[in-house]
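Below is one structure, written out as structure tokens, with a few remarks after it.
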Amino acid sequence: MPRSYVHEARRRVGPKRARIRPIIERLAVEHADAAIALKFTSPLELLVSVMLSAQTTDVNVNRVTPALFAKYRRPQDYLAAPAEELERDIHATGFFRQKTKALRGTMKMLIEEFDGEVPRTIEELVRLPGVARKTANVVAAELGTPQGIVVDTHVRRLSQRLGFTKQEDPVKIERDLIKLVPREDWGRFPHLLIWHGRRICDARRPLCERCVINDLCPSSRV
Ligand code: SF4
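Numbering (numbering that gives the first Met the number 0) for the sequence shown: 0 to 221.
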């Protein structure tokens, strides 16, 4: 897109600080069902689901976890079974050796340092083996204590298209979003962008004509 066109588009929609609230409000109406797709019933199940979701789909994880969670109820259970058995039980989520190692390391630390409970702060969560910032952000947000903004492929693409960031690196994108998005919306904001990305703002073929925020988007094609 030529620079002058981009400049004109940004001028047309106005500054991002003025657009952020109406964008969140309209997306919240449009995607009232936007929520994490992973299925879990406890903080431990949430943590395991998010760890398993690396490099695979939430649907895939949800296929594996009912049997897994019926068998492994406490952190100790993940350590009591032989590693090969856990590897078999999570095989369908891919990267099963790596994930088994991360799960067992995490369970060990939960027992030794956190009384078997899932911690709530990002600083503590990222100390768990195999838990990166994105996983920690998802877990903290779902536990009701968001301390950052989850940046996945949809959040990155939509934030760029909406002119909220020019960055490519997820950590830098998160930094831009934290300055822009009201704190009370840190938890739901990524869900709204993820669902809007899946349903409307597709990577290859965005349906701008059906988009409820097309008058607020500098990348709109209508
Ligand atoms: S107007 Fe188009 S590019 Fe902008 S958010 Fe909507 S679908 Fe995506």
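C-beta atoms are modelled at their ideal positions from N, C-alpha and C, and glycine is treated no differently.
Got a sec? Which residues, its chain only, sit under 7 Å from residue i by beta carbon, not counting five neighbours each side?
i: residue 160; result: 200, 216 and 218
i: residue 59; result: 91 and 92
How big is the Cα-Cα spacing for residue i and residue j?
i: residue 221; j: residue 9; result: 14 Å
i: residue 25; j: residue 191; result: 10 Å
i: residue 29; j: residue 211; result: 8 Å
i: residue 82; j: residue 11; result: 58 Å
i: residue 97; j: residue 130; result: 12 Å
i: residue 213; j: residue 174; result: 25 Å
i: residue 166; j: residue 80; result: 44 Å
i: residue 4; j: residue 143; result: 41 Å
i: residue 62; j: residue 151; result: 22 Å
i: residue 42; j: residue 133; result: 16 Å
Between which two residues does the alpha helix (DSSP H) harbouring residue i extend?
i: residue 68; result: 57-70
i: residue 90; result: Run containing residue 90: none; DSSP gives neither H nor E here.
i: residue 163; result: Run containing residue 163: none; DSSP gives neither H nor E here.
i: residue 113; result: Run containing residue 113: none; DSSP gives neither H nor E here.
i: residue 195; result: 187-198
i: residue 24; result: 15-29
i: residue 141; result: 132-141
i: residue 181; result: No alpha helix (DSSP H) contains residue 181, which DSSP labels as neither H nor E.
i: residue 75; result: 74-79
i: residue 46; result: 42-51
Identify whether residue i lies in helix, strand or coil by the three-state DSSP scheme.
i: residue 124; result: helix
i: residue 100; result: helix
i: residue 220; result: coil
i: residue 210; result: coil
i: residue 157; result: helix
i: residue 37; result: coil
i: residue 145; result: coil
i: residue 150; result: coil
i: residue 11; result: helix
i: residue 174; result: helix
Can you give me the Cβ contacts of residue i inside the same chain, cut-off strictly under 8 Å, excluding the 5 residues immediately before and after it?
i: residue 293; result: Because residue 293 is not part of the residues shown, which for the chain are 0 to 221, the question remains open.
i: residue 177; result: 147, 148 and 185
i: residue 50; result: 98, 101, 102, 105, 129, 130 and 134
With a CB to CB cut of under 6 Å and the five nearest residues on each side skipped, what residues in its chain are close to residue i?
i: residue 74; result: 106, 109, 110 and 115
Does the count of Cβ pairs from the segment 61-69 and the segment 96-114 closer than 8 Å reach three?
-> Under the 8 Å Cβ criterion, the segment 61-69 does not count as touching the segment 96-114, having fewer than three qualifying pairs.
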